[in-house]
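So the structure is just underneath, and the comments pick up after that.
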Amino acid sequence: MQDNNILLSVRNLSKSYAAHKAVDDISFDIERGSIFGLLGPNGAGKSTLLRMITGIFYPDSGSITLDGQPFEGLKNTAMIGYMPEERGLYKKMKVGEHILYLAQLKGLNKDEAIKRARYWIERLEMGSWWNKKVEDLSKGMSQKLQFVATVIHEPKLLILDEPFSGLDPVNAEVIKNEIFRLAKEGTTIIFSTHRMEQVEEICDKIVLINLGHKLLDGSVYQIKQDYKEHIFNLHLSQPAQTVPADITVLDRKENTLRFQLPAERSANDVLLHYIQQQNNILAFQEHLPSLNEIFIRLVGNTPTARPFDSN
Amino acid sequence: MKTGIIIKREYLTRVKKRSFIITTLLLPLLFIGFSALTTYLTVKSSSAKTVKIVDDSRHFVNKIKSTKNIAFEFSLSPLDSLKNQLKAGEFDALVYVPAFDIQQKQTVNIFSNEQLGIEVENELSDQMNDQLRNERLQTAGINQQQYEAASRSTLTFENKVGQEEKKSNSAIASGISTVSGFLLYFFMLLYGMSVMRSVMEEKTNRIAEIIISSVKPFQLMMGKIVGVALVGLTQVLIWVVFLGVIFIGFGSMMTGKIDAQQATQIAQAAQGSGKAEMMQMISTTLGGINWFSIAGWFIFYFLGGYFLYAALFAAVGSLVNEDQQDAQQFTTIITLPIIFSFILMTAVIKDPNSGMAVFGSIFPLTSPIVMMARIPFGVPTWQLLASAACLVLGFIGTTAMAGKIYRTGILMYGKKVTFKEVGKWIFRKG
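Read top to bottom, the protein sequences are chains A and B.
Counting the first sequence from 1 gives a position; the numbering used here is that position plus 771.
Counting the second sequence from 1 gives a position; the numbering used here is that position plus 13.
Here you go:
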C-alpha cells in the first residue's frame, strides 16, 4: 500500500558479513520533509544500514522503496546525498575543484555546479577558500566542504552520519541551522548518531537499533511517554517538611524535590499537599526520560521498560 | 558519462603535477645530453700531442704523417738524451724502432710519462703496418693496385627470413627487443604502481566511500586505470616527438659540421676499431625495418600488459590496510611475472623460436615483454593473433576479478583479509 507521505520505506532488511549479522530484519518508514534519527551505539549496524539505503551495499534480503518506486541503487543517486561518518577528501585538490568534481559525479553539469558551489561557499562563509588545497583546511572547514558537496545537487533524501563529530560549537550551530532550513524546504533528512542529546533537539521521529535489531521506533515525544516513570521535579519556596504518603523521594536538595508517583496517583495531589502547607510552588515539571536514559535502560537489559503500543 | 569525469580528473591531476613535467622532459634531455656529450668529446680536438720517433730501421723516416692531434717528429738524437727530455715534459711520447727484419714480428716501444690514449698507438700501428706491407709487396713484386684488387672482401651476407624471405639483421633485432623489453617493464611497473598508490590513498583517507555513493566502484576503478593509461601514452608521445625533433635537428647539425676524418673517428669510437661498412649496413637496415608495425605492436602490448596488471594492482591496493607488510607481499606476487618475463626476454633473444619463447609470448602474464622481444625477429601470424587474443581475454579477466575484489575491499577496514575471503568475493554476486 502506497502512502504518498512516505519518502523512504525499509522492509525486513538484513545483511551479514561472513558470520556476523550486521543488520537483522529491520523495517521502518520515513515521512517526507521530516528529520529522522537513526540511533544506536557504535557497531549497532547503522553504517551498514545507511550504506544499503545509499546503494553502496546490497541487502541480503528485504526491500527498500524510495519515493514510491523500488530502490534502484545508483540510478537513484541523484536523489540522495550521503555524508559518511569518516570524512574523506582528496588532500591535494583545491576546494572549488573538489566540489565541482563531486557535484558532476552526482549528475550536475559543469555550469550549474559552479553556480551552486559558489552560492553554498558564500553561504557557509568559505568564500576565500575556493583555491585553497583541502589539506590546508581546518577540520571545521573541511566538514563544511563535505556538507556542501552532499547538498549541492538538492537531494530529496539527505543522509548525515555523525555530522557534528569533531565540530566546534560555532560550526556545529551553522550546520544545524542548515539542516533545519533544508527540512523546512522539504528535504527529508536521516540523521545518524550515537549522541542522544543531539537527537532530542533535532529529530521528529527516531529508530533505535542495537546489534542489528530494531529496539524502538516512533516519535521522540511518544517514546518518552512510553518510557516515562512518573518522575517529577518540584521546586518550592521552602524546603519540604513532609512528603505525601505513597510517593518515593528520589532526590531532595534545598528547596527542590524529585519524586516518583505510583501510576494511579495524580500529581495534583502532591501539589495540593504543599499548597495546603502554604509552601509556594515555584516550578513543577514531569521529568521525561532522556533518550539516553531510555537507551541505556534498553541496552543494559533492565526490565523496567514498559511494553508500548506500536501505534 | 560519469566514468569520463573520473578519467578526466585522474588524468589532469597527474599530468599537472610537477613531477610528471620534470620526468617527462628530463629523461629525454638527459638522454640527449649524454649522447651529445659523448659525440662531442670524440669530435673535439683532444690536446695536441708531440711524438718523437727514433727510427734505427730506416723504414719509416719521413714516411709517417702527422694528424690533426698528433705531431710526429723524427729525431737523430741519442735515445738517452731524448728520454731525459721526455721526463722533463718537452714532448709527450718517444717511439723507438730498432733495426729489424721486416718479414719477422717486432715489438716497438712507446715511452711516455703517462698512459696515452689509444689514439697514438692506433695511428702508429695503422701507418707503420701499412708502410711495411707496401715494402713487402714491392719486394714480392706486387704493385699496390694488384694487391688491392686481390684483397677486396667481395662477399657480404643478407638474412632472408621465413616464407617471404624478409630481410633482417639479427643485431638490430636484438637491439629493438631489448629496448622494448626495458620500456615495457619500466612502464608497466611505474604506471601499475601509480594506480595502486592512488587506490590506497582513497581507501585510507576515506574518500572512496563518498565517490562510490555516486558511481559504481567499478567505474571508479576503471576511470582510474584508463586515466593513468592516458598519462602513460601522453608521456610516451611527448618523448617520441621530443626525441624525433632532436634527432632530426642533431642529425642535420652533425652532417653540416663534421668532416670525413671526424666521421671516421666517430665510427671508430662507436665501434672500437670497426669498419665504416658496418655503419653503412646498419643505416640501410634501420631504414628497411617496418617501424610502423613495431610501433603499433608496442602500443598494443603496452596497453594490453598495462591493463592486465593495473587491474591486479588496483585489487591489491583495495585490500591493504594500515599494514604496509601486506602491501609488500601482494605487490611482490604481482611483479614476479613481470620480472620473470624480463628474464625470459634475454633467452628469447638468443632463440626466438624455442618452445619456451612461443609459450611465453602467448601466455598473457608474460606475453607483452616476451612477444615484443620476438617481433623484431619475425613471428608467424597465427602466433601473433593467438597472443593478442589471449592478452585481451587476460585483461578482461583480471579486470572483472579485480572489480569484485575492489568493490568489497575498498570499504573494509581493520580486518586482516585472507585469501579465502577474497575468493568468496570473486564468486559472490553483489
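No residue lacks a Cβ here, since even glycine has one placed at the ideal position from N, Cα and C.
Since this is a predicted model, take the numbers as computed values, not measurements.
(message) Against chain A, which members of the segment 216 to 231 of chain B pass a CB distance test of less than 8 Å?
(response) Within the segment 216 to 231 of chain B, the residues whose Cβ lies closer than 8 Å to some Cβ of chain A are N218, R219, I220, A221, E222, I223, I224, I225, S226, S227, V228 and K229, listed in chain order.
(message) Please state whether the Cβ-Cβ distance between R219(B) and G859(A) is less than 7 Å.
(response) Taking 7 Å as the Cβ cut-off, R219(B) and G859(A) qualify as a contacting pair.
(message) Measuring only the C-alpha atoms, how far is Q338(B) from T344(B)?
(response) Approximately 10 Å, taken between the alpha carbons.
(request) Give the interface partners of I18(B) over in chain A, defined as CB-CB distance under 8 Å, in chain order. (result) Per Cβ cutoff of 8 Å: Y872, Q875 and L876.
(request) Please classify P3(B): does DSSP put it in a helix, a strand, or coil? (result) Here chain B has residues from 14 to 443 only, and residue 3(B) is not among them.
(request) Have a look at V945(A), E906(A), D939(A) and K904(A) and flag the residue whose alpha-carbon is nearest the alpha-carbon of F918(A). (result) Closest by alpha carbon: V945(A).
(message) According to DSSP, simplified to helix, strand and coil, what is G287(B)?
(response) No answer about G287(B) holds up, because its pLDDT of 42 lies below 50 and its placement is not dependable.
(message) For A888(A) and S913(A), what's the separation of their Cα atoms in angstroms?
(response) Going by the C-alpha atoms only, they are around 14 Å apart.
(request) Give a yes or no on whether 7 Å exceeds the smallest Cβ distance from P855(A) to chain B. (result) Output row for P855(A): interface = yes.
(message) Does chain B have any CB closer than 7 Å to the CB of T825(A)?
(response) Yes, its Cβ sits closer than 7 Å to a Cβ of chain B.
(message) Within 10 Å of its beta-carbon, does Y872(A) have 16 or more other beta-carbons around it, so buried, or fewer, so exposed?
(response) Taking a 10 Å sphere around the C-beta of Y872(A), we find 16 or more other C-beta atoms and assign the residue as buried.
(message) With H, G and I counted as helix, E and B as strand and the rest as coil, what does DSSP make of I960(A)?
(response) Per DSSP, reduced to three states, the secondary structure at I960(A) is strand.
(message) Alpha carbons only, please: which of I382(B), Q144(B) and L378(B) is nearest the one belonging to T359(B)?
(response) Comparing Cα positions, the closest option is I382(B).
(request) Leaving out five residues on either side along the sequence, give the residues of the same chain with a beta carbon under 8 Å from the beta carbon of D364(B). (result) If the five residues before and after D364(B) are omitted, its C-beta is found closer than 8 Å to the C-beta atoms of A370, all from its own chain and listed in chain order.
(message) Ignoring anything shorter than 3 residues, give me the beta strand (DSSP E) runs that lie fully in the segment 809 to 895 of chain A, in order along the chain.
(response) Unbroken beta strand (DSSP E) stretches of 3 residues or longer found wholly inside the segment 809 to 895 of chain A: 832 to 837 and 851 to 854, given in chain order.
(message) By the three-class DSSP mapping on this structure, what secondary structure does E971(A) have?
(response) Taken through DSSP and simplified to helix, strand or coil, E971(A) comes out as helix.
(message) Suppose only complete runs of 4+ residues qualify. What are the alpha helix (DSSP H) ranges in the segment 372 to 442 of chain B, listed by chain order?
(response) The qualifying runs are 380 to 387, 394 to 422 and 432 to 440.
(message) Just to confirm before moving on: does the CB-CB distance between I388(B) and W310(B) stay below 7 Å?
(response) A Cβ-Cβ contact shorter than 7 Å links I388(B) with W310(B).
(message) I'd like to know whether the C-beta of K21(B) is nearer than 7 Å to at least one C-beta of chain A.
(response) Against chain A, the CB of K21(B) has no partner CB under 7 Å away; the residue lies outside that interface.
(request) Report yes if the C-beta distance between A1011(A) and L1028(A) is below 7 Å; otherwise report no. (result) A contact, by the Cβ cut-off of 7 Å.
(request) Note down, in chain order, each residue of its chain lying with its Cβ closer than 8 Å to the Cβ of G240(B), except the 5 sequence neighbours on either side. (result) Correct list, in chain order: I19, I20, K21, R22, E23, Y24 and R27.
(request) Locate the alpha helix (DSSP H) running through R1068(A), then write down its first and last residues. (result) Following the DSSP letters along the chain, one finds R1068(A) inside the alpha helix (DSSP H) bounded by residues L1062 to V1070.
(request) Would you mind sorting Q969(A) into buried or exposed? The rule is 16 or more other CB atoms within 10 Å of its CB. (result) So Q969(A) counts as buried.
(request) Following the continuous alpha helix (DSSP H) through A221(B), name the residue where it begins and the one where it ends. (result) Per DSSP, A221(B) belongs to the alpha helix (DSSP H) from I220 to I224.
(request) Measuring only between beta-carbons, confirm whether K29(B) sits less than 7 Å from chain A. (result) Not closer than 7 Å to any Cβ of chain A, the Cβ of K29(B) fails to qualify, so no.
(request) Return the first residue and the last residue of the alpha helix (DSSP H) that H1044(A) is part of. (result) Note, H1044(A): alpha helix (DSSP H), A1038 to Q1047.
(request) Determine the DSSP secondary structure at I977(A), reduced to helix, strand or coil. (result) I977(A) falls in the strand class under three-state DSSP.
(request) Note down, in chain order, every chain A residue with its Cβ under 7 Å from the Cβ of K15(B). (result) Here the neighbours are L876.
(request) Give the straight-line distance between the Cα atoms of G285(B) and F408(B), rounded to the nearest whole angstrom. (result) Because G285(B) carries a pLDDT of 45, less than 50, the predicted location of this residue cannot be relied on, and the following value inherits that uncertainty. Computed Cα separation, rounded: 46 Å.
(request) Put P800(A) into one of helix, strand or coil per three-state DSSP. (result) Note that residue 800(A) corresponds to Asp in the displayed sequence, not to Pro. Three-state DSSP puts D800(A) in a strand.
(message) If I measure Cβ to Cβ from E1064(A) and keep anything under 7 Å in the same chain, skipping five residues before and after, which residues do I get?
(response) Around E1064(A): no qualifying Cβ.
(message) Could you check whether A221(B) and E215(B) sit closer than 7 Å to each other, using their CB atoms as the reference points?
(response) Result yes, Cβ atoms of E215(B) and A221(B) sit closer than 7 Å.
(message) I'd like to confirm the pairing. Which residues does DSSP put opposite E86(B) in its beta bridges?
(response) Checking the DSSP bridge columns, you'll see E86(B) partnered with K65(B).
(request) Tell me, please, whether the segment 240 to 257 of chain B touches the segment 31 to 41 of chain B by the rule of three or more beta-carbon pairs shorter than 8 Å. (result) In the pairwise beta carbon analysis, the segment 240 to 257 of chain B is classified as touching the segment 31 to 41 of chain B: at least three pairs are separated by under 8 Å.
(request) Using 10 angstroms around the beta-carbon of S990(A), count the other beta-carbons present and answer buried if the total reaches 16, otherwise exposed. (result) The C-beta of S990(A) has fewer than 16 other C-beta atoms within 10 Å across all chains shown, which makes the residue exposed.
(message) With a threshold of 7 Å between beta carbons, is A273(B) in contact with chain A?
(response) Caution applies to A273(B), whose pLDDT of 49 falls short of 50 and renders its modelled position unreliable; the value that the coordinates give is listed next. No, because no Cβ of chain A sits closer than 7 Å to the Cβ of A273(B).
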